[in-house]
Amino acid sequence: MDRRAIGQCDDMRRTPLYEEHLASGARMVDFAGWEMPIQYQGIIDEHLAIRSRAGIFDVSHMGDVLISGPNAKDLLLRLLTNDISKLPVWKALYSHILNERGKIIDDTIVYRLGEEEYLLIPNAATTDRVVEWIEEHRSSEVVENISSRVACIALQGPMAVNILQRLTSEDVPSIYHFTCRFLDLGTKVSGDVIWNGKALVARTGYTGEDGFEIMLDSSLAVEVWRKLLSAGRQDGLVPAGLGARDTLRLEMGYLLSGTDFDGSQSSVQTGPSWVIKWDHDFIGREALRADAANGSLPRLACIQLESKGIPRHGYYIMHDGKVVGHVTSGTFSPSLRRGIAMGYLPPELAKEGQEVGIAIRNERVPAKVVRPPFLKR
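In terms of the numbering used here, the sequence shown is numbered consecutively and its last residue is 387.
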């Protein structure tokens, strides 16, 4: 079958790197309305390459929203569960965005680019909803959805620093974890480009490995993609698809929007606890307090299989012969060589060491609740 045809439909959106993916033999699928690479040579090979060497992902389907103005900080304090009041310029912060009922609209990373300017990164499927939510609550702040102008390449893995350093004369190691900086990557700039052709390089990621997310004008994406592939060849860098991105993030216990939360769960249920800073007045705080006081709400748990089997989304989680939950995310862990999953359990069962089972092909496969991340460092 032509790989271009797999999961393709006429109204799917494509990133600026679409033709690069096809040229590299990627298998393309529909992801949140985008035609994206799910894999190149294979999910397991790509996963292990990133754990041991390096890989690059196209994550240009993610949203990019600039919020600026004298009251930008106050607006974000209202919108975010985490506290950005003391976030320095060039630092990043992970947070949840809630509705008035305390339920998660999205999880996001926010970068502070100036005294009165922030960049918020929503998930692909929720970008429009997040922009609408911001517009509903803003006053004088300027909100600009620049998603269509910005591409993002994630360079991840232990060799990421060395590889990126080959593209610039600037000091890459001095970009510390959860900080960002504009870098000149030597691109050929012409016409009206965002950020004067420089790349916003952040030491963030979704894999649990060291690495960077490189945001830049869409017109420069192909050039930088090719430069990274060339610069990383000696270190064994590979292009990787969303399949490996999913197995990597799940080994770390990271949430997937629309899968591990779907608008009906609160931050109290999903964790992590540090994402909630109770001492500022954010939207949904009082409802979230009620959830925190409610000892019966299901909690998201990490579950590791004790024998062979691959848990998948929707599979039943069992205890004492009864269904007590279902798998939200599940996969075979290439690093651990066993099945891992996340799912919501009654609070008395969502405890480290608790024995449960997962129903796979009409069999109860023994499993145990573990403390995240699955992959210990």
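Backbone N, C-alpha and C fix where the C-beta goes; we use that ideal spot for every residue, glycine too. Keep in mind the model is a prediction, meaning the values are calculated, not measured.
Please check the pair residue i and residue j, which I expect to be a contact at CB under 8 angstroms, by giving their CB distance rounded to whole angstroms.
| i | j | result |
| --- | --- | --- |
| I368 | L315 | 7 angstroms |
| L89 | H147 | 7 angstroms |
| T25 | S62 | No, T25 and S62 are not in contact; Cβ-Cβ is about 27 angstroms, not under 8 angstroms. |
| L298 | G112 | 4 angstroms |
| A42 | A135 | 4 angstroms |
| I320 | G349 | 5 angstroms |
| S157 | D21 | Not a contact, Cβ separation roughly 17 angstroms. |
| F188 | G263 | Not quite, the Cβ-Cβ distance comes to about 18 angstroms (not below 8 angstroms), so this is no contact. |
| G353 | I370 | Going by Cβ atoms, the distance from G353 to I370 rounds to 13 angstroms, so no, they are not a contact pair. |
| I114 | Q275 | 6 angstroms |
State the DSSP-derived secondary structure class of residue i, mapped to helix, strand or coil.
| i | result |
| --- | --- |
| D68 | strand |
| R191 | strand |
| L385 | coil |
| N155 | strand |
| Y326 | strand |
| S95 | coil |
| M22 | coil |
| K332 | strand |
| Q51 | coil |
| R213 | coil |
| A36 | coil |
| L305 | First, the amino acid is wrong: residue 305 is Gly here, not Leu. Correct three-state label for G305: coil. |
| S184 | helix |
| S240 | helix |
| V75 | strand |
| L177 | coil |
| S200 | coil |
| I293 | coil |
| E142 | helix |
| S283 | helix |
Does the separation of the CB atoms of residue i and residue j fall below 8 angstroms?
| i | j | result |
| --- | --- | --- |
| L230 | V203 | yes |
| L390 | L123 | Because residue 390 is not part of the residues shown, which for the chain are 11 to 387, the question remains open. |
| V232 | F222 | no |
| P47 | A36 | yes |
| W235 | E30 | yes |
| D227 | G207 | yes |
| V278 | H106 | no |
| R309 | A360 | yes |
| M72 | N133 | yes |
| D220 | P282 | no |
| M225 | A209 | yes |
| L76 | E127 | yes |
| I66 | L265 | no |
| R213 | W100 | no |
Can you check DSSP and say which residues form a bridge with residue i?
| i | result |
| --- | --- |
| T4 | This structure cannot speak to residue 4, because the chain is shown only from 11 to 387. |
| Q314 | I350, K378 |
| R111 | The partner list for R111 (beta bridge, DSSP) is empty, contrary to what the question assumes. |
| W44 | R23, F41 |
| P249 | I66 |
| M225 | C162, L210 |
| T341 | I350 |
| A369 | R374 |
| I131 | I119 |
| S274 | Answer is none; S274 lacks a bridge partner. |
Does the beta carbon of residue i come closer than 8 angstroms to any beta carbon on chain B?
| i | result |
| --- | --- |
| P308 | Absent here is chain B; the protein component of the structure consists of one chain. |
With a threshold of 7 angstroms, establish whether the CB of residue i neighbours any heavy atom of the ligand NAD.
| i | result |
| --- | --- |
| L103 | You won't find the ligand NAD in this model; it holds no ligand whatsoever. |
Report yes or no: do the region 311-328 and the region 368-377 share at least 3 C-beta pairs separated by less than 8 angstroms? yes
Tell me whether the region 170-189 and the region 78-86 touch, counting them as touching only if at least three CB pairs, one residue from each stretch, are closer than 8 angstroms. no
So, do the region 151-164 and the region 104-120 have three or more beta carbon pairs nearer to each other than 8 angstroms? no
Can you find at least 3 beta carbon pairs, one from the region 269-277 and one from the region 330-341, that sit closer than 8 angstroms? Judged by Cβ distances under 8 angstroms, the region 269-277 makes contact with the region 330-341, as three or more pairs qualify.
If you pair each beta-carbon of the region 69-80 with each one of the region 131-151, do three or more pairs fall below 8 angstroms? yes
Quick check: the region 242-258 against the region 134-141, are there 3 or more CB pairs under 8 angstroms? no
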